[in-house]
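Participant: My structure is below; once you've seen it, I'll send some questions.
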Amino acid sequence: MMSPLGALPVGSLAVIFFSRISQDMAGYEETSNRMVELAHAQDGFLGVESMRNDAGLGITISFWRDRGAAATWKKVAEHRLAQKQGSAQWYSQWSLHICTIDESRCFERPAEDRQ
Numbered sequence: 052m053m054s055p056l057g058a059l060p061v062g063s064l065a066v067i068f069f070s071r072i073s074q075d076m077a078g079y080e081e082t083s084n085r086m087v088e089l090a091h092a093q094d095g096f097l098g099v100e101s102m103r104n105d106a107g108l109g110i111t112i113s114f115w116r117d118r119g120a121a122a123t124w125k126k127v128a129e130h131r132l133a134q135k136q137g138s139a140q141w142y143s144q145w146s147l148h149i150c151t152i153d154e155s156r157c158f159e160r161p162a163e164d165r166q
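This note's numbering numbers the first residue of the sequence shown as 52 and each following residue consecutively.
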């Protein structure tokens with residue numbers, strides 16, 4: 052899946068969250084949708100991409116203007132509760148990586164050349 056964001060500003064952040072889901076997913080979808088809704092309302096939010104395979108391994112990458120914007124999101128009370136719930140119930144394992152965008156490029160084949 053290609054990012055609909057286009058090129059990202061140099062110096063922006065990518066917060067990469069890998070997760071493996073557990074058996075108890077009650078309430079997960081609603082909470083996940085709510086987190087996306089809340090993130091969109093945050094100053095400095097640039098976008099998010101998320102996917103999960105059939106084995107339950109998922110990756111969500113959120114993009115932020117700078118470290119301050121990402122740090123503010125981390126402190127949002129409803130987001131903190133969702134993080135705790137994730138570790139307690141929804142995820143059997145997870146990892147988080149924060150990366151600075153040093154370069155960003157995009158390509159899109161013209162519609163008339165697509166098969």
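Glycine residues also receive a C-beta, built at the ideal position from the N, C-alpha and C atoms.
If you draw a straight line from the C-alpha of GLU80 to the C-alpha of SER146, how long is it?
Facilitator: 19 Å
Participant: Could you please give the first and the last residue of the uninterrupted beta strand (DSSP E) stretch that includes ARG71?
Facilitator: Unbroken beta strand (DSSP E) run through ARG71: 64 to 72.
Participant: Would you say the region 55 to 64 touches the region 72 to 79, given that touching needs at least three Cβ pairs under 8 Å?
Facilitator: Judged by Cβ distances under 8 Å, the region 55 to 64 makes no contact with the region 72 to 79, as fewer than three pairs qualify.
Participant: Pick out whichever of SER70, VAL99, ASP94 has its Cα sitting closest to the Cα of ASN84.
Facilitator: VAL99
Participant: Short of 8 Å in beta carbon distance, which residues of its chain neighbour GLN144, apart from the five on each side in sequence? Order them along the chain.
Facilitator: SER70, ARG71
Participant: For MET86, count neighbouring Cβ atoms within 10 angstroms of its own Cβ and tell me buried if that reaches 16, exposed if not.
Facilitator: buried
Participant: In this structure, does DSSP put GLY109 in helix, strand or coil?
Facilitator: strand
Participant: Would you call the region 127 to 141 in contact with the region 98 to 112, where contact means no fewer than 3 C-beta pairs closer than 8 Å?
Facilitator: no
Participant: Between the Cα of LYS126 and those of ILE67, GLN93, ASP164, spot the shortest distance and give me the residue it belongs to.
Facilitator: Closest option to LYS126, Cα to Cα, is GLN93.
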